[in-house]
Amino acid sequence: MKIAILSNGTANYSTKRLKEVALARGHEVHVIKYRDCYASIEQNKPTVSYRGEDLAQFDAIIPRIASHMTRYGTAIVRQLEMQGVYTVSSSIAIARSRDKLRSMQLLAKSGVGIPKTVFSRNSTDIESLLDKLGGTPVIIKLARGTHGNGVVLAETKKAAKSVLQAFYLSNEDGTNILLQEFIEESAGTDIRAFVVGGRVVASMKRQSLDDDFRSNLHKGGEGVVIKLTDEEKKMATKAAKAMGLHVAGVDMMRSARGPLILEVNASPGFGIEKVTGRDVATPIIEYVERNAKRRNVKDRVGA
Ligand SMILES: Nc1ncnc2c1ncn2[C@@H]1O[C@H](COP(=O)(O)OP(=O)(O)O)[C@@H](O)[C@H]1O
Ligand SMILES: [Mg+2]
Numbered sequence: 018m019k020i021a022i023l024s025n026g027t028a029n030y031s032t033k034r035l036k037e038v039a040l041a042r043g044h045e046v047h048v049i050k051y052r053d054c055y056a057s058i059e060q061n062k063p064t065v066s067y068r069g070e071d072l073a074q075f076d077a078i079i080p081r082i083a084s085h086m087t088r089y090g091t092a093i094v095r096q097l098e099m100q101g102v103y104t105v106s107s108s109i110a111i112a113r114s115r116d117k118l119r120s121m122q123l124l125a126k127s128g129v130g131i132p133k134t135v136f137s138r139n140s141t142d143i144e145s146l147l148d149k150l151g152g153t154p155v156i157i158k159l160a161r162g163t164h165g166n167g168v169v170l171a172e173t174k175k176a177a178k179s180v181l182q183a184f185y186l187s188n189e190d191g192t193n194i195l196l197q198e199f200i201e202e203s204a205g206t207d208i209r210a211f212v213v214g215g216r217v218v219a220s221m222k223r224q225s226l227d228d229d230f231r232s233n234l235h236k237g238g239e240g241v242v243i244k245l246t247d248e249e250k251k252m253a254t255k256a257a258k259a260m261g262l263h264v265a266g267v268d269m270m271r272s273a274r275g276p277l278i279l280e281v282n283a284s285p286g287f288g289i290e291k292v293t294g295r296d297v298a299t300p301i302i303e304y305v306e307r308n309a310k311r312r313n314v315k316d317r318v319g320a
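Residue 213 in our numbering sits at position 196 of the sequence shown, with consecutive numbering throughout.
Listed below in structure tokens is the structure:
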């Protein structure tokens, strides 16, 4: 097959691994910097080009869209979908995963456990919002934050109110803000399950190395191997499915009332290979091999 990996970081570990595995399995592989792609929108004739090459000739694309490039990246993926090019992750699934509020709504509907979450544009409602969450401390999150930036722990009602006000003031563009129950039982740790084609192919626990409540590796967290329970595995695959993602990094926390899903990442990093010794690149290429012929299936998430 002729496979394109859409990635701006050509030297990224994940990009290198996908390329290496696909080549070893006999495919032709091109790494395409999607930020340098351009699209032409014409009646019945959409095209995407990269350095003079028409991307419609590819049998499959593997999008690795960075969160700060979501709009441009998903527009390029969408244009290719319209030309009938098979993509492992659909543009709509990538876009919805980048909005934590939309994600929480979909996850709740699918029946997986999530932390109690409320949202409002009004900090005068703070009392009743906090009541719904069972009081402070609470987590306050920007719907479009990543890498732990935009996630704050407010210990008191006063702190929650002023954080909420500050977030809204600096967010004129209307980015939504979530208030969430603080999962105290496993603060500073979370679990990343790497899901491919409805199966967990690797999992690790991330632990913050200082007193930070956030365990993101980007914030200095450390990953260690962990074995998931059957319930956790089931929940991780259900969460990926609820988001319409066939390749996903599902983040969850262990709580007194069972596993709770925090978020579902559409372009999960491959650092988990180094932590666990598991190969996540091969299952992805195998998934592409099994599914590219079927072409794109309709997104059925409905929101
Ligand atoms: N409700 C919560 N209770 C306790 N810790 C949380 C909660 N939500 C997030 N965290 C911590 O903060 C980190 C970042 O939050 P997350 O929602 O994953 O945002 P990001 O997209 O920035 O990674 C998580 O990995 C977890 O360690
Ligand atoms: Mg996260």
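Every residue gets a Cβ at the ideal spot worked out from N, C-alpha and C, and that includes glycine. Given the structure is predicted, the values throughout are model-derived calculations rather than measurements.
**Request:** For the alpha helix (DSSP H) containing residue 288, list its first residue and its last residue.
**Result:** For residue 288, the enclosing alpha helix (DSSP H) begins and ends at 288–293.
**Request:** Locate the beta strand (DSSP E) running through residue 77, then write down its first and last residues.
**Result:** Per DSSP, residue 77 belongs to the beta strand (DSSP E) from 77–80.
**Cβ pair residue 225, residue 272 closer than 8 Å** = no
**Request:** Could you tell me which of 231, 221, 263 sits nearest to residue 294, measuring between CA atoms?
**Result:** 221
**Asked** When DSSP labels each residue in this structure, what does residue 255 get in the three-state scheme?
**Response** helix
**Residues sharing a beta bridge with residue 236, DSSP** = The partner list for residue 236 (beta bridge, DSSP) is empty, contrary to what the question assumes.
**Request:** Report the option in 116, 215, 177, 93 whose CA atom is closest to the CA atom of residue 254.
**Result:** 215
**Message:** Any heavy atom of ligand 1 inside 7 Å of the beta-carbon of residue 93?
**Reply:** no
**Message:** Mapping the DSSP letters down to three states, classify residue 317 as helix, strand or coil.
**Reply:** Here residue 317 sits in coil by DSSP.
**Prompt:** At a cut-off of 7 Å, is residue 233 close to ligand 2 when judged by its beta-carbon and the heavy atoms of the ligand?
**Reply:** Because some heavy atom of ligand 2 lies under 7 Å away, the Cβ of residue 233 counts as near it: yes.
**Prompt:** Does the distance from the CB of residue 77 to the CB of residue 64 come in under 8 Å?
**Reply:** Residue 64 sits away from residue 77, with the two beta carbons spaced by 8 Å or more.
**Asked** Fully enclosed by the region 18–75, which beta strand (DSSP E) runs are 3 residues long or longer?
**Response** 19–23, 45–49, 55–57, 64–67
**Asked** Of the choices 230, 278, 258, 180, whose alpha-carbon is the least far from that of residue 209?
**Response** Ranking 230, 278, 258, 180 by Cα distance to residue 209 puts 278 first.
**Request:** Identify the continuous alpha helix (DSSP H) that holds residue 321 and give its terminal residues.
**Result:** The requested residue 321 does not occur in the structure, where the chain is confined to residues 18 to 320.
**Request:** Tell whether a beta-carbon distance below 8 Å holds between residue 260 and residue 123.
**Result:** yes
**Request:** Run the proximity test for residue 279: is its beta-carbon closer than 7 Å to any non-hydrogen atom belonging to ligand 2?
**Result:** Residue 279: yes, Cβ under 7 Å from ligand 2.
**Prompt:** Can the beta-carbon of residue 257 be found less than 8 Å from the beta-carbon of residue 212?
**Reply:** yes
**Message:** Within 10 Å of its beta-carbon, does residue 282 have 16 or more other beta-carbons around it, so buried, or fewer, so exposed?
**Reply:** Burial check for residue 282: the Cβ neighbour count within 10 Å reaches 16 or more, so the residue is buried.
**Prompt:** What are the start and end residues of the alpha helix (DSSP H) that includes residue 215?
**Reply:** Looking at the DSSP string, residue 215 is not in any alpha helix (DSSP H), and its letter there is neither H nor E.
**Request:** Quick one: grab the DSSP three-state call for residue 184.
**Result:** helix
**Request:** Leaving aside the five residues before and after residue 178 along the sequence, list all residues of the same chain whose C-beta is less than 7 Å from its C-beta, in chain order.
**Result:** These residues qualify, in order along the chain: 140, 143.
**Message:** Just verifying my parser: in three-state terms, what is the DSSP assignment at residue 104?
**Reply:** Strand.
**Asked** Nearest to residue 172 by alpha carbon, out of 160, 165, 166, 196?
**Response** 196
**Asked** Closer than 7 Å: is that where the CB of residue 158 sits relative to any heavy atom of ligand 1?
**Response** yes
**Asked** Expressed to the nearest angstrom, what Euclidean distance is found between the alpha-carbon atoms of residue 318 and residue 157?
**Response** 26 Å
**Item:** residue 115 - containing beta strand (DSSP E), residue span
**Value:** Bounds of any beta strand (DSSP E) do not take in residue 115, whose DSSP letter is neither H nor E.
**Prompt:** Any chance the CB of residue 268 is under 7 Å from a heavy atom of ligand 2?
**Reply:** Result yes, Cβ under 7 Å from ligand 2.
**Message:** Below 8 Å, how does it come out for the region 299–308 and the region 29–47: are there three or more Cβ pairs, yes or no?
**Reply:** With a cut-off of 8 Å, the region 29–47 and the region 299–308 count as touching, because enough Cβ pairs lie within range.
**Prompt:** residue 298 and residue 34 look like a contact to me (Cβ under 8 Å); what is the Cβ gap, rounded to whole Å?
**Reply:** 4 Å
**Message:** For ligand 1, I want to know if residue 198 counts as a neighbour, meaning its beta carbon is within less than 7 Å of at least one of the ligand's heavy atoms.
**Reply:** yes
**Prompt:** By Cβ distance, which residues of its chain are closer than 8 Å to residue 66, with the 5 residues on each side in sequence left out?
**Reply:** 54, 55, 56, 57, 72
**Residues that residue 211 bridges to, as DSSP identifies them** = 219, 266
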